[in-house]
């Protein structure tokens, strides 16, 4: 199973703002809902400025933590931008696991909730 991530930054139409989000590539297709643990933040002269973090709910893997941010709030005094992203992922497919579990229960005649 291969999973990779992209930290995306887009200049906004609003003056002095940019959009930032995390894109998860894999393990399945695109535009699926995932439950990925992440945290996006900036280091502004030694002070941590939180941008976004996981909600512990299913989110679209294309735009995890989408946020519109004022650039001045994140820039260091020397004008540089220092972003950090921490990611944790559960490497399982819960829907597939449930399908397999129920299939085995039915096959082994352990599925007693539905009796003919």
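Residue numbers (the numbering used here): 53 to 168.
Positions of the beta carbon are idealized from the N, C-alpha and C atoms, including for glycine.
{"Check": "Integer Cβ distance of residue 115 from residue 73, believed to fall under 8 Å", "Outcome": "5 Å"}
{"Check": "One or two residues paired with residue 137 in a DSSP bridge", "Outcome": "92"}
{"Check": "Limits of the unbroken beta strand (DSSP E) element including residue 69", "Outcome": "69 to 77"}
{"Check": "For residue 101: DSSP bridge partner residues", "Outcome": "94"}
{"Check": "Collapsed DSSP secondary structure at residue 57 in the structure displayed", "Outcome": "strand"}
{"Check": "Cβ pair residue 86, residue 110 closer than 8 Å", "Outcome": "yes"}
{"Check": "Spatial distance of residue 64 from residue 125 (CA atoms)", "Outcome": "15 Å"}
{"Check": "Of the residues 59, 54 and 77, the one placed nearest residue 94, counting alpha carbons only", "Outcome": "59"}
{"Check": "Classification of residue 170 by the beta-carbon crowding that lies within 10 angstroms, buried from 16 upward", "Outcome": "No answer is possible for residue 170: the residues shown for the chain start at 53 and end at 168."}
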